[in-house]
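Top line first, the protein sequences correspond to chains A and B.
Straight run, no breaks: the first sequence in our numbering ends on number 304.
Straight run, no breaks: the second sequence in our numbering ends on number 1872.
Ideal Cβ placement from N, Cα and C applies to all residues, glycine included.
The structure appears right after this line, and notes come after that.
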Amino acid sequence: MRTTQYNCFGGQVMMVAFTVFCFLASLAGPALGADLPEVKASGVLRHIGVPYANFVTGGGDGLDVDLMKLFAKRLGVQYVYVETSWPKVIEDISGKTFHRVGESIEITGSTKALGDIAASGVTILPWREKIVDFSTPTFPNQVWLAARSDSRLQPITPSGDMLKDVEMVKSRLKDITVLGISGTCIDPKLYGIPEVGAIARNFDGKLNEMVPAVINGDAETALLDVPDILISMEKWPGRFKIIGPISEMQNMGCAFSKESPKLREAFNSFFKECLDNGVYAGLLNKYYPAIMQMYPDFFPQANH
Amino acid sequence: MPPAHIYPQKRLNLTTVAVGCALVCYIAVMLVSSYSSQMKLREATLEQLKQDAEKRASAVSYFYSERKNDVGELANNRTVTAYFENQALGMSMQYGLTASLIGIADTFEQVLTEKKLDSDRIYQRIVLTDPEGKVLVDRRSPLAPATSLDWKQFLSPDNPAPVMLIRPGEERVDVLISVPCYFKGRFSGQITAWVHSETVCEHLVSTTKGPASKRIACIVAERGGEFLPLNDPKDAYCSRIKDLSKLKAGEIHAFRQTAVDNYEVGERNAEFLGITTPIKGAPFFLVTFVPKAEVLGETPPWMLPMGMGLLSLFILGGLVIVWSIRMRNIVLHTRLEEAARGKQEVESRNEALSKEIVERRRIEEALRESEERYRQLADLLPQPIFEMDANNRLTFVNRAAFKAFGYTPEDFLKGLDARLLFSPEDQIRVIHGLCPSVREGARETSAIEFSARRKDGTRFPALIYASSIMQGDLVVGLRGTIMDLSERKKMETELLRTQKLESVGVLAGGIAHDFNNILTAIIGYTELAMRKTENDVPVHGYIQEILQASLRARDLVQQILAFSRKGETELVPLEIDSVVKEAMKLIRASLPTTIEIRQEIRRQHAVVRADPTQIHQVIMNLCTNAAHAMSGRTGLLEVIVDRVILNAEEAAGAENLGQGAYVSLTVRDNGMGMDPELQDRIFEPYFTTKAKGVGTGLGLSVVHGIIRALGGAISVESEVGKGSTFQVLLPLANAEVKARSTASIQAFRGSEHILLVDDEQTIVEIGREALKHLGYHVAANNSSVEALQLFKDRPDDFDLVITDMTMPNMTGEELARELMRIRPNIPIILCTGYNDMMTEKKAKEMGIREYLAKPWVIQDLSSAIRRALDQH
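Below, the structure written as C-alpha cells:
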C-alpha cells in the first residue's frame, strides 16, 4: 500500500489537482531553488526526481521519495514531487544552464529552478559539485561493467586493490562495445572508456533498461551502478554477469542549489537522525535489503 | 354396587403377576446386556487409545515429511540456483556473488519466519555450505544458539534425498534435516535445517486434555540402545522406563506406578497403560502413557450392572407402589367421573330449567304484552266491558265503563257489585236472564236490554251481552259488554220523526200538484177580478180577502213541502243580517205595538250558505212564535246575529255540529215560557199549543228541518213565566254574496205570440185571459200532443211557449224537447204545481228559459215572460 490517497478515485483526483496546483505555483516561484525560510513560507517542499531503480520507482514511492516525504513532514510543509530527466536534473535544481567539458563547468545562463531538493540516486560527482551542493552521502555506489552471460569477457578475480581491479577490467575492453548514458554517472567518458580502446555507445533509454539492452544483444557490455545491478540480478539471474568495477567507490546524495545552504543543513541533520534512530535502515530494508550487507562500512549505524 | 368397568380383583392380580414377571425378565436381560456392553466399551476404548496414538504418530510423520519437502524445495529455490549460476559464470564474491548470497539469506529468513505451528517457529536454523563444508549462508532464529560445528559431517553428496538426523544437544535432542544441492548435476552445496522439536511435540504430540488429565505422550528416539525423548524435560521420565525396550509396538501394556522408577505422575502405585507407536519415515517413535482409570474408569465392569439391578429392584418396588396408587386413582377417577356425570346431568337439568325459566319469562312477557294490548284495546273501546265473578263482584272493567257509569278506579279497587250497574227494578231480571244461559253452559248469552244506573243515580237504556268464564266445566264468572242505547233510542225517535215527516211529505207531494193548480185558477181569476173592479166598491175588498186567503194557502203548501223536504231549495252565499233586517220589517208591520222589537247585529255580513226564502221563513216562524208567546201583554222580542266558534268539547256537546265557526241567530222573548216536557215536543210536526185554526203545528218543525238540512242546529232554553230563547247555529261560509236583484213588482206587458199548453182547462182559460190582459196574442191548448202538432205546422208563428209539466200523453219536458228539436231557440217557460222529476236547475240545463211554480200570480207570470223573451 502506498498511501491512502490512492485508495479511491476521489482521492486520486484531489491529489492530481493538488499536484498540478503546486506545479503551477512552482512555475511562478523564484528562479533559484528556495532556501529553508522560503520553503517554510511557501509551505511546499518541491522534490525533483527521475524515475530510477528503487530510488524513484515512478509509482509514487521509492527510497528517496519516502525520505523526502519524511523530510517535508519534519519541516511541516507539503510534499510535492517534480519529475525531470537525468540531463536536466542539475539545471532544474541549480537554476542555471551550463556547459561541461570533462570536469570543467561553464555557466552559460540561468533557468527556472523547478525544485528545492533533487534526490533520485544522484551520484556525487566532482563536476556536479561545482554547480550544486550535495548532502552527506546517503547511498554507496560503484559503477560495474556487466556483460551478457555468454560474453567472451570473463569476470576478474578480485585482487584486493580496487584500483587494480578497475584497471584489470578496463584492460579487457579493447574493441568491446560499452553501453552508457551520457550526462549520468554511467557516462563512459567519466571513466576513460574510450581511451582504453573500447567502443562507447550512448543509450537512449532509461537506466532501468540497460540490462535488458545487454541481454538483448544491443551491446556486449554496459555500465551499471550498484543499485541497478542489485535489482537486475533479482530480475534476470544468470542472464548477465558482472565483469568487475569500472569506478572506485562513489557516493550518492541529495543535490541542493548553492543558494540553499540552510535547507541542506536541515536535511543533513534530519538524515543523521534517521540513521541513528533506524528509520533509514528501515527504508533500506524496504527498497535495498542487500545493500547494508554489501557495504557494511557505509552503514555502520544501520548494522548495529 | 360397584361400577361395571372396575376390574375384578382376581383378574387384576393375574395381570399384575404377569407384568411383574415380564419386568423381572426384562431387567435380567438388561443387566446381561449392560455387562456385555461395558466389556465391549472397554475394548473399544482401548482400541480408540491405540488409534489415537497411531493418529498422532501419523501427524508427526506427516509433519516431518513436510519438513523434508521444505528443505528439498530450498535446495531448488531460485535464489540458490541463481547463486550457483552466477558462480558458474565466474562472478567473484566481491563483484556479484555476495549479492546472490544475500538473496539466499533472505529466502532462508523467509522460511524461518513464515513456517510456523500456530505462532511458534518450526525451524531454528538453516545453513548453506559449499561442497567443502564452508558456510555460505547461516540464518538463525533469534533464540537459536550460534553453535559452530563441523559442517562436513552433514555433507551427503551421494544421497540426493533429504535425511533426518538426530543430534543430542546440551539440553535437548536436535532433529536436523539435510539435503544436498546440485547444479548441472554437480554437488554444489548442502542445506541443513534445524527443526524445533519441542514445538513439534507441543503441537502434535501433547495429549493434555484438561487440567485433570494425566495422559502423557512423547517422541522418543533410539540411538545405540539409548532412548532419547524429544519432548520437554518433564516428559523425560520416559527415558527412565527401564523396560521401555520391552514394549512391543502397537500393543497396550499395563503396569503400576512403581514400574516407572517412582516418577510420580498420579497416585502412588496407580496402574498405567502404555503403548508405543512407530513414526513412519522418522527415526523415532511415539510413547503414550495413560492412567488406566482415565481410560477405563475406576468402576469395574460388574459394578454398573449390579447398580442397575439394585436400581431395577428399587424401580420395581416403586412401580408396585405406583400401581397400587394408580389402582386407587382409577377407583377415585371412576367415582370422579360419576360425580362429573352427575354434575353434568345437574348442569344440563339446570340449563333446561334455565331455558324453561327464560321461556316462561318470555311467555309471561308475551302474556303481559298481550294483556296490556287487550287492556289497551279494551280501554279504547267506547263500550263498557266488564268481568264479574260468581259472587257478582266486578273483577275487570274498561275505561269506557268508568266513563259510562261514573265510577272511579278507586271504587273498583274497593270492590264493586255488578248489580249496582242495573236499575233496581231490572237487577233480578238481568241476573236471572244471564244465569240460565250460563247454567246451560252456553258460551254467550242473549242480549238483554235493561235500564242502566250510573253512580249518581241517573239512568240510561242499555243492552248487555255476556259470555261465561269457564274453569273446566265450572262457570266461575261472566264477561261481557254493555251498550249504551241512549243514542240509539234517540236515533230511533229521530227516525220515527223522520218517517212521520216523510209520510207527510208524500202526502204533501201528492196533493201539492192538484192543490197548486186549483190555487192557480183561484189566484188568477181573483187577480183578474180585482183588476176589473174598482177599489172603492165592497166587492173589491172581498176579492182582496180571497186573494190573501189563496196566498196563505199557497204558503201553506210551500211550508208543507219544505217541511217534508220536498220543496225546491237553492243554497247560495247569504248575509244573514240582511235577511234578518228584511224580515224584521215585515215582523214590525205585523206585530202589535205592545211588543218591543230589538234587533242587534253584532256581526255584520256574516255569510252562510242557505236558501234566502228558507232563512226568511225561519226568522219569520221564530219571531211569530215569540210574538205569540207574548200575545196579550207587553213584551220584548230580541233578534241577535253573532258569530261563535265552537271548540272540540263544545262541538261534541252540540247536536249535528262540528268544530268550527258558526253564525248565531238568537230569538229571545220574555213571554210565557215552556216547561221541559213541552220543550221536548215543540219540534214535532203538527204539535202546537195554539188554538185550532191559528197554527198549523208545522212552524218549528219546518225550522228544525231547514236548520238540520243546512248543517246547523237549533236549541231552546226556556223557563215558564220568564220566556224562551231559541238559538240557531249555521256554519259560517267563506264565500262572497252576490248582489240580489230587486225585482219590480209591476206587471210587464207585451205583444208577442204565445203558445199556452196545460192539460187543466181552467188553467188554460185563466192563462189566456191573463196573457191577453198583458197584451199578448195567445194560442192555448189543453193537449200537449195537439200543441206540438200546432207548433210543427207553424213553428215560426210563436215567440214563446208556456207549458205545464205534468200532462197526459206527453209531459211538459217531452214537449219542450220536441219543440226545441223543431226550433232550438224557441223560448219556453215550464210551469209546474209540484213534480219530483223536474227542478228549476234541471229545466235550465235542458234549455228551458224559465221555470215557474204554480200557483203563479200575474206579476210572476209577466216577469217570467219578459225574461224569457228578452233573452231571445
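Residue i versus the options, residue with shortest Cα-Cα distance
i               : options                               : result
residue 1731(B) : 1164(B), 1558(B), 1645(B) and 1127(B) : 1645(B)
residue 136(A)  : 149(A), 146(A), 144(A) and 121(A)     : 121(A)
residue 1628(B) : 1604(B), 1674(B) and 1125(B)          : 1674(B)
residue 1612(B) : 1583(B), 1588(B), 1801(B) and 1050(B) : 1583(B)
residue 1607(B) : 1067(B), 1576(B) and 1706(B)          : 1576(B)
residue 1633(B) : 1817(B), 1733(B), 1672(B) and 1090(B) : 1672(B)
residue 1751(B) : 1764(B), 1762(B), 1770(B) and 1774(B) : 1774(B)
residue 1457(B) : 1371(B), 1624(B) and 1406(B)          : 1406(B)
residue 1462(B) : 1401(B), 1780(B), 1588(B) and 1517(B) : 1401(B)
residue 1524(B) : 1089(B), 1337(B) and 1549(B)          : 1549(B)
residue 1687(B) : 1470(B), 1157(B), 1497(B) and 1120(B) : 1497(B)
residue 250(A)  : 123(A), 89(A) and 287(A)              : 123(A)
residue 1829(B) : 1062(B), 1843(B) and 1089(B)          : 1843(B)
residue 1729(B) : 1762(B), 1765(B), 1791(B) and 1660(B) : 1660(B)
residue 1429(B) : 1147(B), 1045(B), 1099(B) and 1447(B) : 1447(B)
residue 1031(B) : 1136(B), 1312(B), 1143(B) and 1720(B) : 1312(B)
residue 1193(B) : 1169(B), 1140(B) and 1331(B)          : 1140(B)
residue 1522(B) : 1274(B), 1552(B), 1510(B) and 1336(B) : 1552(B)
residue 1781(B) : 1158(B), 1095(B), 1764(B) and 1853(B) : 1764(B)
Whole-number beta carbon distance between residue j and residue i, since they are thought to touch under 8 Å
i               : j               : result
residue 1072(B) : residue 1162(B) : 5 Å
residue 111(A)  : residue 96(A)   : 7 Å
residue 1808(B) : residue 1520(B) : Contact doesn't hold; Cβ gap of about 18 Å is too wide.
residue 306(A)  : residue 288(A)  : Lying outside 1 to 304, the shown extent of chain A, residue 306(A) is not represented and no answer is given.
residue 45(A)   : residue 90(A)   : At roughly 19 Å, the Cβ-Cβ gap does not stay under 8 Å, so residue 45(A) and residue 90(A) are not in contact.
residue 321(A)  : residue 267(A)  : This structure gives no information on residue 321(A), because the portion of chain A shown stretches from 1 to 304.
For residue i, three-class secondary structure by DSSP
i               : result
residue 1093(B) : helix
residue 1685(B) : coil
residue 1497(B) : helix
residue 1834(B) : coil
residue 1183(B) : strand
residue 1350(B) : helix
residue 1821(B) : helix
residue 1674(B) : coil
residue 1470(B) : strand
residue 208(A)  : helix
residue 1356(B) : helix
residue 1876(B) : The displayed coordinates of chain B run from 1001 to 1872. Any statement about residue 1876(B) would go beyond what the structure contains.
residue 1054(B) : helix
residue 1844(B) : helix
Neighbourhood of residue i by C-beta, 8 Å cutoff - its chain only, sequence neighbours within 5 removed
i               : result
residue 261(A)  : 35 and 133
residue 1476(B) : 1389, 1390, 1469 and 1470
residue 1656(B) : 1708, 1711, 1712 and 1713
Neighbourhood of residue i by C-beta, 7 Å cutoff - its chain only, sequence neighbours within 5 removed
i               : result
residue 1181(B) : 1075, 1080, 1188, 1189, 1190 and 1191
residue 1283(B) : 1164, 1166 and 1221
residue 1772(B) : 1778
residue 1034(B) : 1304, 1305 and 1308
residue 1134(B) : none
residue 1065(B) : 1281
Residues near residue i in its chain [Cβ-Cβ closer than 6 Å; skip 5 each side]
i               : result
residue 196(A)  : 170 and 173
residue 1557(B) : 1512 and 1515
residue 187(A)  : 180
residue 248(A)  : 162
With 7 Å as the limit, tell me which residues of the segment 231-244 of chain A have their beta carbon closer than that to any beta carbon of chain B; keep them in chain order. 233, 234, 237, 238, 241, 242 and 244
Please list the residues of the segment 275-299 of chain A that have a C-beta atom closer than 7 Å to any C-beta atom in chain B, keeping them in chain order. 289, 290, 293 and 294
Taking a Cβ distance cut-off of 9 Å, strictly less, list which residues of the segment 171-204 of chain A are near chain B, in chain order. none
Taking beta-carbon pairs under 8 Å, can you tell me which members of the segment 151-162 of chain A lie near chain B? 154, 155, 156, 157 and 158
Taking any Cβ of chain A, which residues in the segment 1290-1311 of chain B have a Cβ under 7 Å from it, in chain order? none
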